[in-house]
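In short: position in the sequence shown from 1, add 26, done, that's my numbering. Please read the structure below before turning to the comments.
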Amino acid sequence: MEGEYLPGGLSLPISILEIALFFASIILLFEASARWHFWFGSSLLLFVVLLLIGRFWPVPKFILPTTPLSTRTDFQEHPTKPRFVWSQKYRVRFRLHISPVKKYGLMYDHAIKEGLLTKGDFVEPVTLHDDDLRLVHGRGYLWRLYLLGSTPLGLLNGENPISRGILKRLKVACGGTYLACKIALEHGLGMNLCGGFHHAFPCREAGFCHLNDMAVAIRMLQRERAIDRAMVLDCDVHQGNGTAAIFKKDDSVFTFSIHQEDLYPHPKAVSDYDISLYSDLKVDDARYLAELKVLPELIEKHRPDLIIYLAGADPFAEDRLGGFLLTKDGLLRRDAYVLRLCHEVKVPTAIVLGGGYARNTEDTVAIHLNTIRAVVELIEGVKTSQLL
Ligand SMILES: [Zn+2]
Numbered sequence: 027m028e029g030e031y032l033p034g035g036l037s038l039p040i041s042i043l044e045i046a047l048f049f050a051s052i053i054l055l056f057e058a059s060a061r062w063h064f065w066f067g068s069s070l071l072l073f074v075v076l077l078l079i080g081r082f083w084p085v086p087k088f089i090l091p092t093t094p095l096s097t098r099t100d101f102q103e104h105p106t107k108p109r110f111v112w113s114q115k116y117r118v119r120f121r122l123h124i125s126p127v128k129k130y131g132l133m134y135d136h137a138i139k140e141g142l143l144t145k146g147d148f149v150e151p152v153t154l155h156d157d158d159l160r161l162v163h164g165r166g167y168l169w170r171l172y173l174l175g176s177t178p179l180g181l182l183n184g185e186n187p188i189s190r191g192i193l194k195r196l197k198v199a200c201g202g203t204y205l206a207c208k209i210a211l212e213h214g215l216g217m218n219l220c221g222g223f224h225h226a227f228p229c230r231e232a233g234f235c236h237l238n239d240m241a242v243a244i245r246m247l248q249r250e251r252a253i254d255r256a257m258v259l260d261c262d263v264h265q266g267n268g269t270a271a272i273f274k275k276d277d278s279v280f281t282f283s284i285h286q287e288d289l290y291p292h293p294k295a296v297s298d299y300d301i302s303l304y305s306d307l308k309v310d311d312a313r314y315l316a317e318l319k320v321l322p323e324l325i326e327k328h329r330p331d332l333i334i335y336l337a338g339a340d341p342f343a344e345d346r347l348g349g350f351l352l353t354k355d356g357l358l359r360r361d362a363y364v365l366r367l368c369h370e371v372k373v374p375t376a377i378v379l380g381g382g383y384a385r386n387t388e389d390t391v392a393i394h395l396n397t398i399r400a401v402v403e404l405i406e407g408v409k410t411s412q413l414l
């Protein structure tokens, strides 16, 4: 999920709302013609200061435990049918936003209606606790989200509106990615029909992302010694700048991002491996898939215990935010290639959705459904080949 509301796709360290509230409080204080002006201005200024403290609250460094891996599960050569993570709480309608959040509900409905999955294929995620989120996000930042979300002002927080309800759903979505990873470690593949909030920084929300679900899941699994090393394959059209920043100085997590260079976010972060392509290059199916041929070497080099694949739908040619020219078929081939590769190198893989802003939301839903199709076909293909 991401956005491009600021001129030139700029990613600011503080939000327009905070700037606006700050100037409003200063005007009230200096132009105080009535007593209530002073009190209201002071309260507003205090509110802004508290919000800013949250942004700059230090985040404790994560230390990888040195105890041996506890329950390392061998890779499943014969994976069972994968379990998909979805919750009724994903079903939201927020009409005043470019992000088509209704896709989370539509995906589930279509998957059932088309017979792609049955209700029995789904599992319900749990809500993560703040202790879990604090493995990545600052304590003060979480307070900031609660504070902002408790007032109507939270809904005016630029491209990243927040309310108590939204925060509650995001914590479930993070739980979904964690659960998809756990399923992947057990069955080879797991998929969360949500997640991929790759622009969220430890103390800063950005590009429609408040909590970095992938980073939290990786840290939780490292904390419980289920994995040592992880890899994030980010195939969203926007760079996964939040994820790259979180794991910048961490050799245990390799971040890969293939994205459009002349697009939000600006400036870009530095991933362990970036493929930055300008839209002038007219990046079509063939060009994009050719760029991905570097993946086998990268996976071999890093040797992760877990891969999180962010299967963004926004490299699609009809996307309103992106400038790539991929077709639905090309994106399906991308998914099939990545998943097949992860299976061949025997690395458990969890899939999350990421962005998708096609002019017609049904196209975005169709692309995400194709990702599910690629997962199911891989499993069926493996089963079939065992029978031959
Ligand atoms: Zn995106």
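Using N, Cα and C, we set each Cβ at its ideal position, and we do this for glycine too.
Exercise. Which full runs of the alpha helix (DSSP H) of 4+ residues lie inside the stretch 320–364, going along the chain?
Worked result: 321–328
Exercise. Where are the alpha helix (DSSP H) runs, 4 residues long or more, that stay fully inside the stretch 190–256, in chain order?
Worked result: 190–213, 239–249
Exercise. Do the CB positions of Arg360 and Gly216 come within less than 8 angstroms of each other?
Worked result: no
Exercise. At which residues does the beta strand (DSSP E) containing Asp300 begin and terminate?
Worked result: 299–303
Exercise. Beta carbon of Asp306: closer than 7 angstroms to some heavy atom of ligand 1?
Worked result: no
Exercise. Among all the DSSP beta bridges, which residues are the ones paired with Ile377?
Worked result: Met217, Tyr335
Exercise. Are there three or more Cβ pairs, one per stretch, closer than 8 angstroms when the stretch 197–207 is compared with the stretch 233–252?
Worked result: yes
Problem set entry | Beta-carbon contacts of Ile45 that lie in its chain and below 6 angstroms, excluding the five residues immediately before and after | none
Exercise. Closest to His394 by CA distance: which of Gly214, Cys220, Leu179 is it?
Worked result: Cys220
Problem set entry | Run of the alpha helix (DSSP H) containing Thr269, from where it starts to where it stops | 267–272
For this session: Would you mind reading off the limits of the beta strand (DSSP E) that contains Ile188?
Result: Note, Ile188: premise wrong, no beta strand (DSSP E); not H, not E.
Exercise. Does ligand 1 have a heavy atom nearer than 7 angstroms to the CB of His264?
Worked result: yes
Exercise. Pick from Leu303, Pro91, Pro330: whose alpha carbon is nearest that of Leu318?
Worked result: Leu303
Exercise. How about Gly380: is its Cβ closer than 7 angstroms to a heavy atom in ligand 1?
Worked result: yes
Problem set entry | Rounded straight-line distance, which links the Cα of Gly67 to that of Arg366 | 59 angstroms
Exercise. In terms of residues, what are the limits of the alpha helix (DSSP H) holding Ile40?
Worked result: That residue, Ile40, is in no alpha helix (DSSP H); it is neither H nor E in DSSP.
Problem set entry | Per-residue burial, Ile325 [other beta carbons within 10 Å of its own, 16 or more giving buried] | buried
Exercise. Would the beta-carbon of Gly338 be found less than 7 angstroms away from any heavy atom of ligand 1?
Worked result: yes
Exercise. Where does the unbroken alpha helix (DSSP H) through Arg61 begin, and where does it stop?
Worked result: 61–82
Exercise. Would Val118 be called buried (16 or more neighbouring beta carbons within 10 Å of its own) or exposed?
Worked result: exposed
Problem set entry | Per-residue DSSP class, three states only, for Thr92 | coil
Problem set entry | Rounded separation between Phe273 and Val296 - CA only | 10 angstroms
Exercise. With Leu336 and Gly222 assumed to form a contact (beta carbons below 8 angstroms), what rounded beta-carbon distance in angstroms separates them?
Worked result: 5 angstroms
Exercise. Among residues of its own chain, excluding the 5 on either side of Leu179, which ones have a beta-carbon nearer than 7 angstroms to its beta-carbon?
Worked result: Leu43
Problem set entry | Boundaries (first-last residue) of the alpha helix (DSSP H) holding His136 | 129–139
For this session: Have a look at Ala50 and Pro341 and give me their C-alpha separation to the nearest angstrom.
Result: 40 angstroms
Exercise. Alpha carbon to alpha carbon, what distance is there between Ser69 and Glu344?
Worked result: 46 angstroms
Exercise. Whose C-beta lies closer than 6 angstroms to the C-beta of Thr153 among residues of the same chain, with five residues either side of it excluded?
Worked result: Lys197, Val198, Gly201
For this session: Would you mind sorting Gly407 into buried or exposed? The rule is 16 or more other CB atoms within 10 Å of its CB.
Result: exposed
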